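Asks: Residues in the sequence shown are numbered consecutively from 38, following my numbering.
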Amino acid sequence: MDQKIRVLVAKPGLDGHDRGAKVIARALRDAGMEVIYTGLRQTPEMIVNAALQEDVQVIGLSILSGAHNAIVPRVMELLKEKKMDDVVVVVGGIVPDEDAEQLKRIGVAAVYQPGASLEEIVEFIRSSVKQTA
38 MDQKIRVLVA
48 KPGLDGHDRG
58 AKVIARALRD
68 AGMEVIYTGL
78 RQTPEMIVNA
88 ALQEDVQVIG
98 LSILSGAHNA
108 IVPRVMELLK
118 EKKMDDVVVV
128 VGGIVPDEDA
138 EQLKRIGVAA
148 VYQPGASLEE
158 IVEFIRSSVK
168 QTA
């Protein structure tokens, strides 16, 4: 690959726990990806604007607060409004299986729950970006 995969890792909502997001960001960076970490307490608007400005191919949302059913649909809506349908969105955190299925129905590429393998996440992103490139 000539160009690095660009990934925005974001912590939306009021959730103040970012250790998992930082672990993922480091794993993606160590796998050769360019990672932009937005920090805590991001709104969907802030996340999508950062993704647009940074020209990312992937957005990773880390949500432990249980607000995924409100935040993720708004992010997906904003991506559509800005014609960013080619951005791969993955969600990680405390997401019940039935909610994960609903998020996938609205366009989320993958949902990772606690204990997910870092290698699995890296490989999924690599294969998803190749498919959309």
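Beta carbons are placed, not taken as given, at the ideal position from N, Cα and C, and that holds for glycine.
On a predicted model such as this, the values are computed, not experimentally measured, just so you know.
Starting from L45 and walking both ways along the beta strand (DSSP E), at which residues does that stretch end?
Replies: Taken as a continuous stretch (DSSP letters only), the beta strand (DSSP E) holding L45 covers R43 to A47.
Asks: Quick one, which of H105, M121, A58 and I100 has its alpha-carbon nearest V3's?
Replies: Residue numbering for the chain in the displayed model covers 38 to 170; residue 3 lies beyond these limits and cannot be assessed.
Asks: Taking a contact to mean a Cβ-Cβ separation below 8 Å, would you say G53 touches L77 in this structure?
Replies: Yes; because the gap between Cβ atoms is below 8 Å, this pair is in contact.
Asks: Along the chain, where does the beta strand (DSSP E) containing V132 start, and where does it finish?
Replies: Unbroken run through V132: none, as it is neither H nor E.
Asks: When you compare only the Cα positions, how much space is there between N106 and P151?
Replies: C-alpha separation (whole angstroms): 18 Å.
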